[in-house]
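**Q** Quick note, the sequences are listed as chains A and B, same order.
Take 3 as the starting number for the first sequence in our numbering and just add one per residue.
Take 35 as the starting number for the second sequence in our numbering and just add one per residue.
Cβ coordinates follow ideal geometry from the N, Cα and C atoms, glycine included.
Input: one structure, supplied below.
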Amino acid sequence: MGILDYTAVELSEQIRTGKCTAIDAMEAVFERIGEKEEEYHCYITADRESALKKAAAVQRKIEAGELTGPLAGVPVAVKDNLCTKGVLTSCASRILSNFVPAYSATAVENLEKAGAVMVGKTNMDEFAMGSTTETSYYGVTRNPVNPEHVPGGSSGGSAAAVALGECFVALGSDTGGSVRQPASYCGVVGLKPTYGMVSRYGLVAYGSSLDQIGPLTKNVTDAAYLLEAIASYDEKDSTSEPSAERDFTSALTEDVKGMRIGIPKDYFGEGLDAEVKAAVLAGAEVLKKAGAMVEEFDLGMVEYAIPAYYTIATAEASSNLERFDGIKYGYRTEQFEGLHNMYKKTRSEGFGEEVKRRIMLGSFVLSSGYYDAYYLKALRTKALIKKAFDEAFEKYDLILGPVAPSTAPKLGESLSDPLKMYLGDIYTISVNLAGLPGISVPCGKDGNGLPVGLQLIGDCFEEKKLIRAAYTYEKASAKLKEATEIS
Amino acid sequence: MANIIDDATIEYVGILAKLELSDREKEAAKKDMGRMLDYIDQLNELDTSGVEPMSHVLPRRNVFREDIVTNGDGSADALANAPEQKDDMYVVPKTFE
Chain A
3 MGILDYTAVE LSEQIRTGKC TAIDAMEAVF ERIGEKEEEY HCYITADRES ALKKAAAVQR
63 KIEAGELTGP LAGVPVAVKD NLCTKGVLTS CASRILSNFV PAYSATAVEN LEKAGAVMVG
123 KTNMDEFAMG STTETSYYGV TRNPVNPEHV PGGSSGGSAA AVALGECFVA LGSDTGGSVR
183 QPASYCGVVG LKPTYGMVSR YGLVAYGSSL DQIGPLTKNV TDAAYLLEAI ASYDEKDSTS
243 EPSAERDFTS ALTEDVKGMR IGIPKDYFGE GLDAEVKAAV LAGAEVLKKA GAMVEEFDLG
303 MVEYAIPAYY TIATAEASSN LERFDGIKYG YRTEQFEGLH NMYKKTRSEG FGEEVKRRIM
363 LGSFVLSSGY YDAYYLKALR TKALIKKAFD EAFEKYDLIL GPVAPSTAPK LGESLSDPLK
423 MYLGDIYTIS VNLAGLPGIS VPCGKDGNGL PVGLQLIGDC FEEKKLIRAA YTYEKASAKL
483 KEATEIS
Chain B
35 MANIIDDATI EYVGILAKLE LSDREKEAAK KDMGRMLDYI DQLNELDTSG VEPMSHVLPR
95 RNVFREDIVT NGDGSADALA NAPEQKDDMY VVPKTFE
């Protein structure tokens, strides 16, 4: 067993007991990057020298007994829309191609306090707008299982880096499924926390009312530890929740007895790939055998989530991305006549096609005469979606379903038809609209060997139930697999 | 009903969005936006009369704090990212003659 086969928690145990060092771990990671990066392209920025220097500093603190936590010395990858002091933060956009933040995101600072060591900044869809990591200005990331396919998105670089061993754990951000869907496509675990659980300070905003930072990891245990490290109340984020419980690792127990799990019938209708459906329902069966009460129900409102989301998210994006104007930071066009022409040329040259498409739609739905008909209508729809989930959580502890309607599509298949790509978000998007926590756990493979993810959704601030069920599922399915292989 | 986005609308949205689209981009934007609005129009099937628009799912109040500087003077760091600076200020193109 090589050092890269360890999970993050196993690795920190090895480091703590002196069997290896944080420097060994970082060297192994960069060796892997050297082998794989040219083909898979998970990172926008990864600097071996500075990462090894930081690893050495952390190792000294571990040896001095100053760092004793479960992530001390663990190499972590950070999505490129999280500000990192002194390290390029491009959001995979040309417009931020030279932006070096003067401060770090709170989640990144929390990781540093825990002794995790940053490997680099991962590739993503430009400004997190996309489901394939193909809209990056810096080129595509490839699926770790089959490089002809996309890794998913928008946190595709983070998911692929975890799967390939180019880091041990990674941070992503999830506005409509951008942590859970790439996790599903790459065969890793991805968790989107409740809105307000993790500070958004230093996360470059896309849809501020929907964005959350979340972990991408090799297993559920690592996800719980990573979430525990990054989650905090933060006065720098006015939507940060002061009173939430944030001790997630205590939920790592194999126990779903009596847990009520609802499967929305509306998630298993037309458009869902048969192999994905079979794998997810087999996953539900595992939880049932472990003692959970599993039944089908009608959730409702499912078909309205995507139109509501693309109205709200683009409206917020059009407002949030106004700050990129060629004055304070980032790219500025070379030739221009006057201020307004400079704004227009800078933005038109600096943003990619998908970002422009969303800014245009967002500007339209917020414009005078259309605001009520589109934007307010979407916010009213959001209230009804939230109500549907509230009613579901009166009956159930958790909701179980697929993460995405299919496994990872081939490179180049999605961008030609944006609406079709948006429809792929159907099972993840309503979770963001309702502010809920959700987790994607690997639950099998399709006939081509591409991973399938199972999604569990909890009520607001019920991460512990989510983690307990996901952990139980992971353990039970591993035992089942072992038993099948023996027989 | 199909949404037809005309040239005037695309021009107007371009002004709001501060984007200068090429002719090819304008044609694509007209088509994309029309198609997305057709799709979004599905929401009209829903009766939302009496439903309050929900901007935040959790109850949120404005958060106030005392106006005390805690992070020191970061102006040099902030200006370091500016495309153009002079005398501790951002340089912007002339806004009027």
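I'd like to know whether the C-beta of I329/A is nearer than 8 Å to at least one C-beta of chain B.
**A** Yes, I329/A counts as interfacial toward chain B.
**Q** Judging by CA-CA distance, which residue of L228/A, Y139/A, E136/A is the nearest neighbour of G174/A?
**A** Nearest of L228/A, Y139/A, E136/A to G174/A, Cα basis: L228/A.
**Q** Is the CB of A116/A under 8 Å away from at least one CB in chain B?
**A** It does not; no Cβ of chain B falls within 8 Å.
**Q** Three-state secondary structure (DSSP) at F299/A?
**A** In the structure shown, F299/A sits in a strand (DSSP, three-state: E or B).
**Q** Going straight from the alpha carbon of S408/A to that of P309/A, what length do you get?
**A** Going from the Cα of S408/A to the Cα of P309/A covers about 20 Å.
**Q** Based on the DSSP secondary-structure assignment, which residues constitute the bridge partners of S175/A?
**A** Beta-bridge pairing links S175/A to I215/A.
**Q** Quick check on the DSSP output: the alpha helix (DSSP H) that includes S365/A runs from which residue to which?
**A** Its alpha helix (DSSP H) spans residues 355-367.
**Q** Given a threshold of 16 other Cβ atoms within 10 Å of its Cβ, counted over all protein chains shown, does G158/A qualify as buried or as exposed?
**A** It is buried - the Cβ of G158/A has at least 16 other Cβ atoms within 10 Å.
**Q** Under DSSP, the alpha helix (DSSP H) around R58/B begins and ends at which residues?
**A** Where R58/B is concerned, the enclosing alpha helix (DSSP H) stretches over 57-74.
**Q** Excluding the five sequence neighbours on either side, which residues of its own chain have a C-beta within less than 8 Å of the C-beta of E318/A, listed in chain order?
**A** Excluding residues within five positions, the ones whose Cβ falls inside 8 Å are A207, Y208, G209, S210, S211, L212, G364.
**Q** When we look at the beta-carbon of Q61/A and count the other beta-carbons within 10 Å, is it buried (16 or more) or exposed?
**A** When all chains shown are included, Q61/A counts as buried.
**Q** At the level of alpha carbons, what is the spacing between L6/A and S240/A?
**A** Approximately 39 Å, taken between the alpha carbons.
**Q** In terms of alpha-carbon separation, which member of D26/A, F32/A, K21/A, K466/A lies closest to E256/A?
**A** When each option's Cα is compared against that of E256/A, the closest is K466/A.
**Q** Return yes when the Cβ of C85/A is within less than 8 Å of the Cβ of A107/A, no when it is not.
**A** Result yes, Cβ atoms of A107/A and C85/A sit closer than 8 Å.
**Q** Exposed or buried, which one is G264/A when buried takes at least 16 other CB atoms within 10 Å?
**A** It counts as buried.
**Q** Quick one: list the residues of chain B neighbouring Y102/A, beta-carbon separation under 7 Å, in chain order.
**A** Per the sequence shown, the amino acid found at residue 102/A is Val instead of Tyr. Under the 7 Å cutoff, chain B gives N115.
**Q** Strictly below 8 Å CB to CB, what residues from chain A border E88/B?
**A** A small correction: the amino acid at residue 88/B is Met; Glu does not occupy that position in the sequence shown. Simply L381, R382, K384, A385, K388.
**Q** Examine chain B for any beta-carbon lying closer than 8 Å to the beta-carbon of E464/A, and answer yes or no.
**A** No, E464/A lies away from the interface with chain B (no Cβ there is under 8 Å from its Cβ).
**Q** Check the Cβ of V126/B against every Cβ in chain A and list those closer than 7 Å, keeping chain order.
**A** The answer, in chain order, is I329, L341.
**Q** Helix or strand or just coil, what does DSSP make of S442/A?
**A** Strand at S442/A.
**Q** Please report the straight-line C-alpha distance between Q76/B and Y306/A, rounded to a whole angstrom.
**A** Those two C-alpha atoms are separated by around 7 Å.
**Q** Give me the residue from A281/A, K81/A, T486/A with the minimum Cα distance to M120/A.
**A** M120/A has its Cα closest to that of K81/A, out of A281/A, K81/A, T486/A.
**Q** Cβ closer than 9 Å: which chain A residues qualify as neighbours of M123/B?
**A** Neighbours of M123/B on chain A: none; closest Cβ ~11 Å, over 9 Å.
**Q** Where does G455/A sit, in a helix, a strand or coil, going by DSSP?
**A** DSSP places G455/A in strand when its eight states are reduced to three.
**Q** Where in the stretch 133-168 of chain A do unbroken runs of the alpha helix (DSSP H), each at least 4 residues long, occur, reported from the N-terminal end onward?
**A** Whole alpha helix (DSSP H) segments, 4+ residues: 158-166.
**Q** Please work out which residues of its chain come closer than 7 Å, Cβ to Cβ, to A165/A, disregarding the five sequence neighbours upstream and downstream, and give them in chain order.
**A** P146, C188, G189, V190, listed in sequence order.
**Q** For G198/A, name the three-state secondary structure that DSSP assigns.
**A** Coil, per DSSP.
**Q** What residue range is occupied by the uninterrupted beta strand (DSSP E) comprising T430/A?
**A** Where T430/A is concerned, there is no enclosing beta strand (DSSP E), given that its DSSP letter is neither H nor E.
**Q** Between the Cα of A161/A and the Cα atoms of G4/A, L218/A, R144/A, K330/A, which residue gives the shortest distance?
**A** Residue L218/A is the option with its Cα nearest to A161/A.
**Q** Among I428/A, G273/A, R360/A, K267/A, which residue has its Cα nearest to the Cα of K64/B?
**A** Of I428/A, G273/A, R360/A, K267/A, the residue nearest in Cα terms is R360/A.
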